[in-house]
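Some notes on the structure that comes next.
In the numbering used here, the protein residues as written are 166 to 605.
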């Protein structure tokens with residue numbers, strides 16, 4: 166967790182704990198260790214401090230301890246602590262003061278298990294507000310930011326971690342996360358270059374998990390850069406290293422879907438199912454293909470199987486929600502769209518779909534929330550802009566609604582949408598001239 170380590174020694178019937186606030190207990194008179202005698206028995210504390218210092222000297226760990234000034238002076242008098250004693254980054258927190266953070270970490274993990282990424286991020290923010298340099302919280306937060314689609318913030322945090330902890334054992338994971346953050350911001354070429362550099366410098370053994378993760382990232386960055394052939398090469402390499410890993414398979418299938426190569430994606434998923442069976446990710450991929458190729462019943466059957474196996478599955482819920490809408494049951498679809506956006510809050514497609522569904526159901530505040538988030542995540546098409554403008558107009562936010570509707574119109578939308586936009590702009594103009602509405 167990045168907190169100050171404790172050192173303890175038992176001797177003379179007493180227990181001494183070296184910590185930012187040292188402790189000394191009489192184990193015979195106080196077996197429950199309730200009365201700290203450190204200030205009352207300075208000579209005994211000094212003797213036991215020397216025992217601890219001897220141990221510390223043997224394993225060279227003093228540099229990481231965050232001690233109070235009196236203890237630093239005592240250790241320095243023993244010739245153990247050099248210079249200013251404390252780390253240049255300041256003293257590490259005392260673990261006793263951070264017990265509340267353990268609960269926050271547990272809550273964050275629980276939220277992630279529930280696929281509540283935003284909830285996990287809120288718990289981590291509580292820790293970082295009190296302990297901004299907490300190693301565990303910062304790493305977990307960088308992952309959460311990526312899941313939320315907040316690429317710029319994730320990049321800044323990853324760069325700070327790499328800058329401040331260049332010798333950390335998990336530097337490779339942070340470098341991969343940094344690359345994902347760059348990819349999220351739409352800079353596919355830079356993300357690809359970063360991935361290739363990591364691959365060139367990778368010294369992992371054949372089949373090592375980090376190598377497979379790098380190759381999975383290479384599939385994504387190469388595909389985003391328009392190189393599906395290169396993505397396929399990375400997939401083939403990952404298969405040779407570890408044919409049982411599903412992550413590279415899913416990454417390549419998603420790449421085919423994003424390239425709108427639905428027939429090829431369907432063939433790919435079916436072939437992989439011969440090897441992996443009815444794996445939930447492959448079923449979800451096939452359901453998505455069925456939906457886009459107009460096979461509603463097949464899409465419904467597969468998506469239902471996915472959601473029954475994992476009620477929080479994003480793609481399964483997204484496909485099932487769309488099938489329900491197409492079947493004339495939009496009221497039943499809202500829960501599926503909400504779950505998809507909750508599980509993958511950084512997916513602009515899921516945010517936009519939920520926003521449009523809220524607009525159709527006249528839940529205008531929620532429509533504005535999710536459509537705005539979709540645009541922030543990079544979905545800046547005419548349909549999403551127009552939907553946001555219409556929701557804002559319904560709430561009386563005429564000026565900002567007009568701005569978004571005009572931005573949609575500037576993209577030369579197809580005629581049906583263009584007419585809707587013009588009608589909405591006319592309604593706003595009429596409301597302004599008659600003084601009706603909020604007029605904001």
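Here a beta-carbon is modelled for each residue, glycine too, at the ideal position from N, C-alpha and C.
All values derive from a computational prediction rather than experimental measurement.
* Between 565, 597 and 552, which lies nearest to residue 582 when the distance is taken from Cα to Cα? -> Looking up residue 582 in the chain shown gives position 417. Taking only the C-alpha atoms, the option nearest residue 582 is 552.
* Where do the N-terminal and C-terminal ends of the alpha helix (DSSP H) with residue 379 fall, by residue? -> Within the chain shown, the letter at position 214 stands for residue 379. Its alpha helix (DSSP H) spans residues 374-389.
* To do: Determine the direct distance from the alpha carbon of residue 397 to that of residue 125, and round the result to whole angstroms.
  => No answer is possible for residue 125: the residues shown for the chain start at 166 and end at 605.
* Determine the extent of the alpha helix (DSSP H) in which residue 573 is found, giving its start and end residues. => Taking the first residue of the chain shown as position 1, residue 573 is located at position 408. Under the DSSP assignment, residue 573 falls in the alpha helix (DSSP H) whose first and last residues are 563-574.
* Kindly identify the DSSP beta-bridge partner or partners of residue 191. => Residue numbering aside, residue 191 sits at position 26 when the chain shown is read from its first letter. In DSSP, residue 191 forms a bridge with 179.
* Asked: Buried or exposed: residue 587, going by 16 or more other Cβ atoms within 10 Å of its Cβ?
  -> To locate residue 587, count along the chain shown from 1; it is residue 422. Taking a 10 Å sphere around the C-beta of residue 587, we find fewer than 16 other C-beta atoms and assign the residue as exposed.
* To do: Specify, as a first and last residue, the run of the alpha helix (DSSP H) that residue 280 falls within.
  => Translated into positions along the chain shown, residue 280 becomes position 115. First-last for residue 280: undefined, no H or E at that position.
* **C-alpha gap between residue 179 and residue 197, whole angstroms** => Against the chain shown, residue 179 aligns to sequence position 14. Against the chain shown, residue 197 aligns to sequence position 32. When only Cα atoms are considered, residue 179 and residue 197 end up about 12 Å apart.
* When DSSP labels each residue in this structure, what does residue 333 get in the three-state scheme? -> The residue you call residue 333 lines up with position 168 of the chain shown. Here residue 333 sits in coil by DSSP.
* Asked: Who pairs with residue 173 in a beta bridge, going by DSSP?
  -> Translated into the one-based positions of the chain shown, residue 173 becomes position 8. Residue pairing for residue 173: DSSP places it in a beta bridge opposite 182.
* To do: Would you kindly check if the distance between the Cβ of residue 277 and the Cβ of residue 315 is under 9 Å?
  => As a first step, residue 315 must be located in the chain shown, where it is residue number 150. As a first step, residue 277 must be located in the chain shown, where it is residue number 112. In this structure, residue 277 does not lie closer than 9 Å to residue 315 by Cβ.
* DSSP state of residue 424 mapped onto helix, strand, coil -> By 1-based counting over the chain shown, the position of residue 424 is 259. Of the three classes helix, strand and coil, the one that applies to residue 424 here is coil, per DSSP.
* Can you have a look at residue 595 and say buried or exposed, based on whether 16 or more other CB atoms are within 10 angstroms of its CB? => Position 430 of the chain shown, counted from the start, is the residue given in the question as residue 595. Within 10 angstroms of the beta-carbon of residue 595 lie fewer than 16 other beta-carbons, which makes it exposed.
* Asked: Are the beta-carbon atoms of residue 501 and residue 491 separated by less than 9 Å?
  -> Counted from its first residue, the chain shown places residue 501 at position 336. Counted from its first residue, the chain shown places residue 491 at position 326. No.
* Under the rule that 16 or more other beta-carbon atoms within 10 Å means buried, what is residue 308, buried or exposed? -> For the purposes of this step, residue 308 is taken as residue 143 along the chain shown, with counting starting at 1. Around the Cβ of residue 308, a 10 Å sphere holds 16 or more other Cβ atoms; the residue is buried.
* Asked: To the nearest angstrom, how far is it from the Cα of residue 243 to the Cα of residue 217?
  -> Here residue 243 corresponds to residue number 78 of the chain shown, with the count starting at 1. Here residue 217 corresponds to residue number 52 of the chain shown, with the count starting at 1. Only weak support is given to the placement of residue 243: the predicted model assigns it a pLDDT of 37, under 50, and the value that follows is read from those uncertain coordinates. Cα to Cα, residue 243 sits roughly 11 Å from residue 217.
* **Local conformation of residue 364 per DSSP, three classes** => Sequence index remark: in the chain shown, residue 364 carries index 199 (1-based). Reduced to three states, the DSSP call for residue 364 is helix.
* With a Cβ-Cβ cutoff of 9 Å, do residue 378 and residue 355 count as a contact? -> Along the chain shown, read from residue 1 onward, the residue named residue 378 stands at position 213. Along the chain shown, read from residue 1 onward, the residue named residue 355 stands at position 190. Cβ distance not < 9 Å, so residue 378 and residue 355 don't count as in contact.
* residue 494 by DSSP, collapsed to three states: which one? -> Counting from 1 along the chain shown, the entry for residue 494 is found at position 329. The answer is coil: DSSP assigns residue 494 none of H, G, I, E or B.
* To do: Please classify residue 456: does DSSP put it in a helix, a strand, or coil?
  => Residue numbering aside, residue 456 sits at position 291 when the chain shown is read from its first letter. Helix, per DSSP.
* To do: Note down, in chain order, each residue of its chain lying with its Cβ closer than 7 Å to the Cβ of residue 487, except the 5 sequence neighbours on either side.
  => By one-based count along the chain shown, residue 487 stands at place 322. 456, listed in sequence order.
* With a floor of 3 residues, list each beta strand (DSSP E) that falls wholly inside the region 500-584, ordered by position along the chain. => Taken in chain order, the whole beta strand (DSSP E) runs of length 3 or more contained in the region 500-584 number zero.
* Asked: Where does residue 247 fall in DSSP's three states?
  -> The count along the chain shown starts at 1 and reaches residue 247 at position 82. Interpretation of residue 247 is limited by its pLDDT of 39, a score under 50 that renders its predicted location unreliable; the figure taken from the coordinates is listed afterwards. Reduced to three states, the DSSP call for residue 247 is coil.
* Decide yes or no for the touch test of the region 317-337 against the region 283-290: beta carbon pairs closer than 8 Å, at least 3 of them. => The region 283-290 and the region 317-337 do not touch, with fewer than three beta-carbon pairs separated by less than 8 Å.
* Between residue 513 and residue 479, is the Cβ-Cβ spacing less than 9 Å? -> Along the chain shown, read from residue 1 onward, the residue named residue 513 stands at position 348. Along the chain shown, read from residue 1 onward, the residue named residue 479 stands at position 314. Not in contact: residue 513 and residue 479 (Cβ atoms no closer than 9 Å).
* Mind checking which residues open and close the alpha helix (DSSP H) that includes residue 401? => As a working mapping, residue 401 is identified with position 236 in the chain shown. Where residue 401 is concerned, the enclosing alpha helix (DSSP H) stretches over 393-406.
* Rounded to a whole number of angstroms, what is the C-alpha to C-alpha distance between residue 556 and residue 423? -> Here the question's residue 556 lines up with position 391 in the chain shown. Here the question's residue 423 lines up with position 258 in the chain shown. Here the alpha carbon of residue 556 sits roughly 28 Å from the alpha carbon of residue 423.
* To which residues of the same chain is residue 434 closer than 8 Å at the C-beta, ignoring the five residues directly before and after it? -> Numbered from its first residue, the chain shown carries residue 434 at position 269. Closer than 8 Å at the Cβ level, and outside the excluded window around residue 434, lie 418, 447, 450, 451 and 454.
* Asked: CB-CB under 6 Å to residue 226, same chain, minus the five flanking residues each way: which ones, in chain order?
  -> In the chain shown, residue 226 corresponds to position 61, counting from 1. Note on residue 226: pLDDT 47, under 50, position unreliable in the model; no value is reported.
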